[in-house]
Amino acid sequence: MGFGSDLYIGNALIDMYARFGELGKARRLFEEMPLRDIVSWNSLISGYSSNGYWEEALEIFHRLRMDGLLPDSFSISGVLPACGSLVDVREGQIVHALVEKIGVHADVLVSNGLLSMYFKFGWLKDAQLFFKRTVVRDSVSWNTVICGYSQLGLFEESINLFMEMVNEFTPDLLTITSVLRACAHLRDLGLARYVHDYMKRSAFSFDTMANNILIDMYAKCGNLLASQEVFDHMECRDSVSWNSLINGYFLNDCCDEGLNLFKVMKSNMIPDSVSYVMILSISTQLADVEKGKMIHCDIVKLGFDSDVIVNNALADMYAKCGKIQDSLIVFENMKVRDVVTWNTIISACIHYDDRILGLRMILRMRNEGVMPDAATMLGILPLCSLLAAKQQGKEIHGCIFRLGFHSDVPVGNALIEMYSSCGSLENSVLVFEHMKKKDVVTYTSMISAYGTYGEGVRALRTFAEMETTSVLPDHLAFLAVIFACSHSGLVEEGLAYFNRMKNDSKFEPRIEHYACVVDLLSRCGLLAQAEDFIHSMPMKPDASIWGSLLSACRVSGEANIAARASEQIIQLDSYDTGYHVLVSNAYAALGKWDQVRIIRKYMQAKGLSKDPGFSWMETQKKG
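With this note's numbering applied, the sequence shown covers 269 to 891.
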């Protein structure tokens with residue numbers, strides 16, 4: 269007869285196997301035991317739970333109850349993490365009812381387990397009330413609530429509770445790291461220093477993980493000097509330490525310092541894949557393709573070229589540095605691709621207006637069975653807009669709904685723009701009205717769509733609706749509403765929004781807002797007022813502003829203002845072909861043929877030529 273025949277030895281062995289992660293052996297021994305007691309069941313439940321086998325923990329807990337045994341506090345504390353991690357509300361409620369039934373709610377292990385479960389369910393009020401009513405608390409109780417607040421994005425509450433906790437208990441490393449991350453999210457340097465001072469008075473100042481998060485926290489608070497000091501005083505640094513400081517320089521637009529630190533890192537240790545992803549991001553921001561190529565060589569030498577995340581960063585770097593062919597070479601050489609890979613290359617195709625290649629990549633992605641995500645949809649929808657492919661856009665909309673991305677706000681915003689670009693205003697309206705959550709981009713997209721179709725009154729209503737919500741308009745929202753007024757002849761309303769922006773809003777009008785007002789006045793034939801408005805601008809008008817006025821002059825036949833606007837465009841010495849063609853045509857309309865010849869000779873000397881027009885037609889499906 270084996271060890272399983274002795275109940276005490278059998279229980280001890282199950283516990284030992286579980287602690288070492290040998291759950292198969294623990295389960296076999298459990299099943300072979302002729303006799304089991306509550307300790308046998310608890311050891312296996314706890315073993316499964318502590319190793320992340322949540323469903324198996326629940327299964328054994330159910331069997332325990334079916335065998336007629338009454339769970340105790342150890343059974344409950346073992347199964348509660350499984351309920352929370354699986355977000356199994358029904359099971360959690362059953363276990364909670366058992367807690368009350370058997371009277372173990374005062375047990376600190378059980379109460380801590382319930383607290384953790386509440387936070388994983390997102391039951392904030394229940395967790396707060398339970399914590400307040402808990403008579404017996406230990407450091408784990410406080411840590412659970414502090415970490416729970418942080419996970420739910422309640423960073424101030426997390427830090428406030430930490431300040432209260434340290435008067436009674438010593439926090440553990442998990443709490444310290446959680447609070448440091450909360451400080452980083454809040455970008456609060458004062459709170460950051462408070463936590464750092466506490467760390468200096470405790471053993472945490474020597475912990476590498478805590479110091480790494482400190483480096484990141486100070487960088488996100490904008491204090492690179494403090495980040496560097498923490499780094500310099502560390503007795504033991506790992507790759508995360510170096511990466512955190514390099515990333516800190518990158519976040520604070522100190523890219524050259526980040527590159528220099530990377531060189532120092534290479535002389536101290538071999539960088540890891542995360543290091544190279546960050547350095548590629550810096551090269552991308554600097555648009556330094558030569559630096560990117562040197563990094564690419566290092567990546568190949570160290571064998572990181574098989575890492576999908578590194579390859580994605582390489583493809584992105586080449587694409588954003590204008591080397592689309594190099595980006596495609598990286599893409600084609602990849603043995604493993606994920607959805608980010610496809611999103612990167614599709615976005616590159618759209619950015620460089622290679623619509624045909626973009627469509628091919630979308631088809632390849634589908635044929636290779638890669639499941640798209642919300643970012644894929646955000647890449648594909650602009651392609652439909654460029655091609656004015658409403659039918660394909662509708663099919664993608666259906667796919668978005670089936671995949672559950674319809675509640676994603678950026679995807680909804682892209683759908684509004686896509687339908688508007690494809691000539692379907694009412695579909696844009698339907699998407700807008702069905703969106704449960706809206707941000708400033710949502711409202712701006714809808715206002716702009718109304719403006720494009722001359723629905724100025726509806727645009728004004730939408731702007732007013734936005735202001736009744738908690739969404740605050742930004743400079744683009746003001747631009748969209750003035751644009752809508754311009755395309756609907758609502759001069760007074762458009763000027764009112766511009767003046768409101770100028771006098772009341774925290775957003776100072778930019779040159780594009782002035783250009784929109786010029787267009788508003790010009791479209792309504794108020795050319796003299798438009799010219800006066802241009803001369804009153806606080807910044808120098810550019811060619812687009814004078815061009816807007818000149819276009820209106822051609823329509824109305826206003827020769828004098830047209831001549832003055834043409835002179836202004838010539839003086840700006842713009843390299844935009846369209847404006848020179850516009851001036852040439854204006855002079856032709858005025859009968860100033862000598863000026864026309866001068867403009868055309870100037871264009872030839874500068875290598876400027878009028879591009880032939882072309883149109884993209886939606887390919888109809890053949891039945």
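Cβ coordinates follow ideal geometry from the N, Cα and C atoms, glycine included.
Given the structure is predicted, the values throughout are model-derived calculations rather than measurements.
Are the CB atoms of residue i and residue j nearer to each other than 9 Å?
{"i": "G719", "j": "A748", "result": "yes"}
{"i": "T552", "j": "N579", "result": "no"}
{"i": "V932", "j": "T644", "result": "What the structure shows of the chain is the stretch from 269 to 891, and residue 932 is not part of that stretch, so it cannot be assessed."}
{"i": "L519", "j": "A487", "result": "yes"}
{"i": "I481", "j": "S512", "result": "yes"}
{"i": "M686", "j": "K706", "result": "no"}
{"i": "M807", "j": "I779", "result": "yes"}
{"i": "S343", "j": "W391", "result": "no"}
{"i": "L788", "j": "G815", "result": "no"}
{"i": "G315", "j": "A286", "result": "yes"}
{"i": "I893", "j": "S543", "result": "This structure cannot settle anything about residue 893, because the visible part of the chain is limited to 269 through 891."}
{"i": "Y765", "j": "F731", "result": "yes"}
{"i": "I483", "j": "S509", "result": "yes"}
{"i": "S268", "j": "N380", "result": "Look at the range of the chain in this structure, 269 to 891, and you will see that residue 268 is not part of it."}
{"i": "H665", "j": "V699", "result": "yes"}
Rounded to whole angstroms, what is the Cα-Cα separation between residue i and residue j?
{"i": "L297", "j": "E324", "result": "16 Å"}
{"i": "D394", "j": "I427", "result": "20 Å"}
{"i": "R670", "j": "I715", "result": "28 Å"}
{"i": "P741", "j": "K770", "result": "14 Å"}
{"i": "H453", "j": "C523", "result": "22 Å"}
{"i": "M546", "j": "G560", "result": "11 Å"}
{"i": "G757", "j": "K588", "result": "40 Å"}
{"i": "P640", "j": "S595", "result": "20 Å"}
{"i": "V607", "j": "V708", "result": "28 Å"}
{"i": "C489", "j": "N536", "result": "27 Å"}
{"i": "L383", "j": "L377", "result": "10 Å"}
{"i": "D621", "j": "K293", "result": "60 Å"}
{"i": "D573", "j": "C504", "result": "29 Å"}
{"i": "R405", "j": "N411", "result": "10 Å"}
{"i": "Q831", "j": "A798", "result": "Here residue 831 is Ala; the residue named in the question, Gln, does not match the sequence. Spanning the two alpha carbons is a distance of roughly 15 Å."}
{"i": "D340", "j": "L366", "result": "9 Å"}
{"i": "G626", "j": "K591", "result": "16 Å"}
{"i": "C792", "j": "N767", "result": "18 Å"}
{"i": "D283", "j": "D584", "result": "50 Å"}
{"i": "L529", "j": "I514", "result": "7 Å"}
{"i": "A893", "j": "P777", "result": "The structure shown has nothing for residue 893, since the chain only spans 269 to 891."}
{"i": "L303", "j": "D274", "result": "8 Å"}
{"i": "Y276", "j": "E300", "result": "14 Å"}
{"i": "L817", "j": "I750", "result": "16 Å"}
{"i": "E600", "j": "R632", "result": "12 Å"}
{"i": "R605", "j": "P439", "result": "42 Å"}
{"i": "F288", "j": "S317", "result": "13 Å"}
{"i": "S852", "j": "D575", "result": "56 Å"}
{"i": "R475", "j": "K774", "result": "For the record, residue 475 in the displayed sequence is Asp; it is not Arg. Approximately 44 Å, taken between the alpha carbons."}
{"i": "L570", "j": "L337", "result": "58 Å"}
{"i": "C667", "j": "S696", "result": "17 Å"}
{"i": "V434", "j": "Y462", "result": "12 Å"}
{"i": "I550", "j": "D556", "result": "9 Å"}
Go through its chain and collect everything with a Cβ distance to residue i's Cβ below 8 Å, but skip five positions before and after it.
{"i": "G647", "result": "N611, I614, S615, I618"}
{"i": "L326", "result": "V347, A350, C351, L354, D356, E359"}
{"i": "G722", "result": "H755, S756"}
{"i": "V598", "result": "N579, L582, A583, Y586"}
Sorted by chain position, which residues of the same chain lie with C-beta nearer than 7 Å to residue i's C-beta, five sequence neighbours on each side aside?
{"i": "C415", "result": "L442, T443, S446"}
{"i": "H238", "result": "For residue 238 there is no data in the structure shown, the boundaries of the chain being 269 and 891."}
{"i": "K662", "result": "none"}
{"i": "K388", "result": "G352, S353, V355"}
{"i": "F398", "result": "L382, L383, Y386"}
{"i": "Y321", "result": "L291"}
{"i": "L548", "result": "G560, I563, A581, L582, M585"}
With a CB to CB cut of under 6 Å and the five nearest residues on each side skipped, what residues in its chain are close to residue i?
{"i": "I328", "result": "L312, I313"}
With respect to 8 Å, is the separation between the Cβ of residue i and the closest non-hydrogen atom of the ligand SAM below this value?
{"i": "A827", "result": "The ligand SAM is not part of this structure, which contains no ligands at all."}
Query raised in the report: Going along the chain, which unbroken runs of the alpha helix (DSSP H) with 4 or more residues stay wholly within the segment 306 to 392?
Result: If we require 4 residues or more, the alpha helix (DSSP H) runs fully inside the segment 306 to 392 come out as 306 to 318, 322 to 334, 341 to 353, 357 to 370, 376 to 389.
Query raised in the report: Which whole runs of the beta strand (DSSP E) in the segment 759 to 847 are 3 residues long or more, in chain order?
Result: Annotation note: the segment 759 to 847 contains no uninterrupted beta strand (DSSP E) run of length 3 or greater.
Query raised in the report: In the segment 448 to 532, which residue ranges form an unbroken alpha helix (DSSP H) of at least 4 residues, counting only runs that do not cross its ends?
Result: Note on the segment 448 to 532: whole alpha helix (DSSP H) runs with a minimum of 4 residues are 457 to 468, 476 to 488, 492 to 501, 507 to 519, in chain order.
Requested in this report: Could you pull out every unbroken alpha helix (DSSP H) segment of at least 4 residues lying fully inside the segment 640 to 683, listed in chain order?
Outcome: The qualifying runs are 642 to 655, 658 to 671.
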